[in-house]
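Colleague: Taken in order, these protein sequences are the chains called A and B. Per my numbering, the very first residue in the first sequence carries number 316; after that it's consecutive. Per my numbering, the very first residue in the second sequence carries number 316; after that it's consecutive. This is the structure, below, for whatever I ask next.
There are 2 protein chains.
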Amino acid sequence: MSIELLKHNILKNAQLDNKELQTFCDAFHPKSIAKKQYLLTQGEICKFEGFVTKGCFRVFTLDEDGKEHVLYFATKDWWITDIDSFTNQKPSFLTIQALEDSEVLLINHADKEHLYEQIPQVEKLFRVMTQKTLVSLQRRMIANLSQTADDRYLNFIEKYPEIAQKLTNLQLASYLGISHEFLSKIRSKIASK
Amino acid sequence: MSIELLKHNILKNAQLDNKELQTFCDAFHPKSIAKKQYLLTQGEICKFEGFVTKGCFRVFTLDEDGKEHVLYFATKDWWITDIDSFTNQKPSFLTIQALEDSEVLLINHADKEHLYEQIPQVEKLFRVMTQKTLVSLQRRMIANLSQTADDRYLNFIEKYPEIAQKLTNLQLASYLGISHEFLSKIRSKIASK
DNA sequence: TTCATTTATTGAACTAGTTCAATGTTTTGG
DNA sequence: CCAAAACATTGAACTAGTTCAATAAATGAA
């Protein structure tokens with residue numbers, strides 16, 4: 316069941332006892348989002364932090380030219396939010412859309428603040444989670460500075476094969492930072508080897 | 316004095332009372348690093364988290380081709396470490412070098428863990444700091460996906476004018492993800508307008 | 001099942017950025 | 001203060017990636 320997935324995820328990063336774990340999980344509410352629907356749209360204040368239990372999301376932003384740039388994809392067992400918008404309750408920079416029929420567990424701002432006070436370990440939990448996210452983004456940043464589009468594509472499909480197969484060329488290209496036509500050319504070049 | 320700078324920096328992100336603030340600051344030790352010297356080299360286990368009180372550092376990594384890629388520059392009032400190496404006490408991916416004669420306040424791993432236990436607010440402090448770092452890296456990631464090198468250069472010198480003037484073309488180019496020759500061409504193009 | 005819409009592929013012309021090499025300029029250490 | 005080294009500039013030839021347009025293939029709603 317989906318709460319079990321959340322419990323398991325939490326225990327990777329902090330030690331909560333059974334009672335704390337229960338209190339933590341009780342603060343979350345399930346929500347279903349149909350394919351193509353939005354969980355958050357740019358400019359709106361982000362009212363949740365979410366844990367994906369089914370499906371897949373893309374987290375992206377629109378630039379001044381109306382082009383979409385994907386920050387990350389989130390599938391089962393990933394967290395999604397616009398941290399800046401959520402923690403500071405200010406308009407979001409990011410949009411979050413379901414790529415297929417999906418389910419999430421959501422916590423709101425007041426309840427999360429309450430958890431921080433109630434269970435000291437929760438502070439640590441989110442510190443550690445945020446650190447891990449930062450480390451992987453640092454790695455991705457450097458990969459983007461140092462690698463060619465071919466390499467980044469190959470790394471992505473190797474690292475996230477199950478996500479890769481859910482994505483259109485357009486979506487993946489906008490994560491890799493290239494045009495979808497060029498991604499198509501990379502694919503046919505690789506296929507012909 | 317440099318401890319005052321640290322206190323001021325901390326109070327931006329958490330509420331510690333005077334006694335806690337003193338305990339916190341007492342865990343740090345000053346260190347001077349001469350220009351071009353290393354505070355951390357790739358492969359080594361990072362034994363510190365540092366707060367810059369004077370000078371400037373570059374935090375970079377070497378790729379397989381021996382090319383350097385700058386993750387960030389840190390000047391007065393910035394924090395430096397390889398989080399992954401420091402928190403998990405494993406070999407570092409990053410190298411940290413002084414760009415000029417510099418001074419830092421350092422805390423070691425055991426003392427930081429001790430602070431987390433002694434002062435609950437410290438957990439929050441580092442959670443908030445890490446979140447802010449993550450948000451700005453997310454923005455930079457998207458800027459790198461969506462903007463041209465000219466734009467990124469102009470944004471950098473606008474956002475960090477005092478850092479920009481300390482850097483060589485090589486150093487700045489490796490942060491922007493372009494060759495130093497191309498940066499030189501961007502500069503002369505802009506100057507001629 | 002069909003028609004409309006979205007997505008993928010491919011080629012041709014283009015542009016942003018690289019690489020290499022030559023030359024000039026600045027910085028540094030002894 | 002000088003020599004050596006590091007850094008910056010510029011041009012020419014190149015390559016990675018874009019843009020536009022045409023066509024094909026897949027998907028979705030009625």
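C-beta: ideal position from N, C-alpha, C; glycine also.
1) Whose CA, out of Leu449(A), Val443(A), Thr402(A), Pro476(A), lies closest to the CA of Glu364(A)?
2) Please return the same chain residues whose Cβ sits closer than 6 Å to the Cβ of Arg467(A), not counting the five positions on each side in sequence.
3) Quick one: grab the DSSP three-state call for Ser347(B).
4) Using Cβ-Cβ distances below 7 Å, what residues of the stretch 440-453 of chain A are close to chain B?
5) Is Ala506(A) helix, strand or coil by DSSP?
6) Tell me where the beta strand (DSSP E) around Glu364(B) begins and ends.
7) Kindly list, in the order they appear in chain A, the residues whose Cβ is closer than 8 Å to that of Glu438(B).
8) Who does Leu420(B) pair with in a DSSP beta bridge?
9) Could you tell me which of Lys427(A), Leu498(A), Glu496(A), Val367(A) sits nearest to Ala413(A), measuring between CA atoms?
10) For Asp268(B), which residues in chain A fall below 9 Å Cβ to Cβ?
11) Is the beta carbon of Lys350(B) less than 7 Å from the beta carbon of Glu415(B)?
12) Whole angstroms is fine: what's the gap from Ile360(B)'s alpha carbon to Arg373(B)'s?
13) Of all the options Leu452(A), Val419(A), Thr338(A), which has the alpha carbon lying nearest to the alpha carbon of Leu386(B)?
14) Mind listing which residues of the stretch 391-420 of chain B have their C-beta closer than 7 Å to chain A's C-betas, in chain order?
15) Look at the alpha carbon of His495(A) and the alpha carbon of Leu485(B), and state the distance between them as a whole number of angstroms.
16) Quick one, which of Ile493(B), Thr483(B), Glu477(B), Ser417(B) has its alpha-carbon nearest Ser347(B)'s?
17) Go to Gln436(B), then tell me how far its alpha helix (DSSP H) extends in each direction, as first and last residue.
18) Ile501(B) by DSSP, collapsed to three states: which one?
19) Please list, in chain order, all residues of the same chain as Asn328(B) whose beta carbon is under 6 Å from its beta carbon, the five residues on each side excluded.
20) Could you check how far apart the C-beta atoms of Phe375(A) and Thr410(A) are, in whole angstroms? I think they sit under 8 Å.
21) Looking only at DSSP bridge pairs, what is Pro406(B) linked to?
22) Tell me the DSSP secondary structure of Ile411(B) in three-state form.
23) DSSP state of Glu383(A), grouped into three classes?
24) Please tell me whether Asp426(B) and Ala479(B) are closer than 7 Å, where the distance is taken between their beta carbons.
25) Which chain A residues sit within Cβ distance under 7 Å of Thr356(B)?
26) Between Gly381(B) and chain A, is there a C-beta pair that is closer than 7 Å?
27) If you reduce the DSSP assignment to three classes, tell me which class Tyr490(B) lands in.
28) Express the C-alpha separation of Ser507(A) and Gln446(B) in angstroms, rounding to a whole number.
29) Under a Cβ-count criterion, where at least 16 other Cβ atoms within 10 Å of its own Cβ denotes burial, should Asp399(A) be classed as buried or exposed?
30) In the DSSP output, which residue or residues are listed as bridge partners for Ile318(A)?
31) So which residues on chain A does His384(B) lean against when the C-beta distance must stay under 8 Å?
Modeller: Reading it off the structure:
1) Of the candidates Leu449(A), Val443(A), Thr402(A), Pro476(A), the residue whose Cα lies closest to the Cα of Glu364(A) is Thr402(A).
2) In the same chain as Arg467(A), and ignoring 5 residues on each side of it, the C-beta atoms closer than 6 Å to its own belong to Leu491, in chain order.
3) Strand, per DSSP.
4) Of all residues in the stretch 440-453 of chain A, Phe441, Arg442, Thr445, Gln446, Thr448, Leu449, Val450, Leu452, Gln453 have a Cβ within less than 7 Å of some Cβ in chain B.
5) In the structure shown, Ala506(A) falls within a helical segment according to DSSP collapsed to helix, strand and coil.
6) Its beta strand (DSSP E) spans residues 364-369.
7) Within chain A, the residues near Glu438(B) are Pro435, Glu438, Lys439, Arg442.
8) According to DSSP, which records beta bridges pairwise, Leu420(B) is partnered with Pro345(B), Phe366(B).
9) Of the candidates Lys427(A), Leu498(A), Glu496(A), Val367(A), the one whose C-alpha sits nearest the C-alpha of Ala413(A) is Val367(A).
10) Outside the displayed range of chain B (316 to 508) lies residue 268(B), so it cannot be described from this structure.
11) Yes. Within cutoff.
12) When rounded, the separation of the alpha-carbon atoms in Ile360(B) and Arg373(B) is 18 Å.
13) Of Leu452(A), Val419(A), Thr338(A), the residue nearest in Cα terms is Leu452(A).
14) Taking 7 Å as the Cβ-Cβ cut-off against chain A, the residues of the stretch 391-420 of chain B that qualify are Ile398, Asp399, Thr402.
15) If you take the alpha carbons of His495(A) and Leu485(B), they lie about 32 Å apart.
16) Minimum Cα-Cα distance from Ser347(B) among the listed residues Ile493(B), Thr483(B), Glu477(B), Ser417(B) corresponds to Ser417(B).
17) It spans 435-461 - the alpha helix (DSSP H) in which Gln436(B) sits, taken as one unbroken run.
18) Residue state, collapsed to three classes: helix.
19) Same-chain partners within the cutoff: Leu440, Val443, Met444.
20) With a Cβ gap of about 6 Å, Phe375(A) and Thr410(A) count as contacting.
21) Looking at the DSSP output, Pro406(B) bridges to Ile360(B).
22) Of the three classes helix, strand and coil, the one that applies to Ile411(B) here is strand, per DSSP.
23) Collapsing the DSSP output to three states places Glu383(A) in a strand.
24) No. Outside cutoff.
25) Within 7 Å Cβ-Cβ: nothing; Thr356(B) doesn't reach chain A, min ~16 Å.
26) Judged by the 7 Å Cβ criterion, Gly381(B) is not in contact with chain A.
27) Reduced to three states, the DSSP call for Tyr490(B) is helix.
28) Inter-residue distance for Gln446(B) and Ser507(A) is about 44 Å (C-alpha atoms, whole angstroms).
29) That one is buried.
30) Answer is none; Ile318(A) lacks a bridge partner.
31) Ordered by position in chain A, the residues that pass the 8 Å Cβ test against His384(B) are Ile457, Leu460, Ser461.
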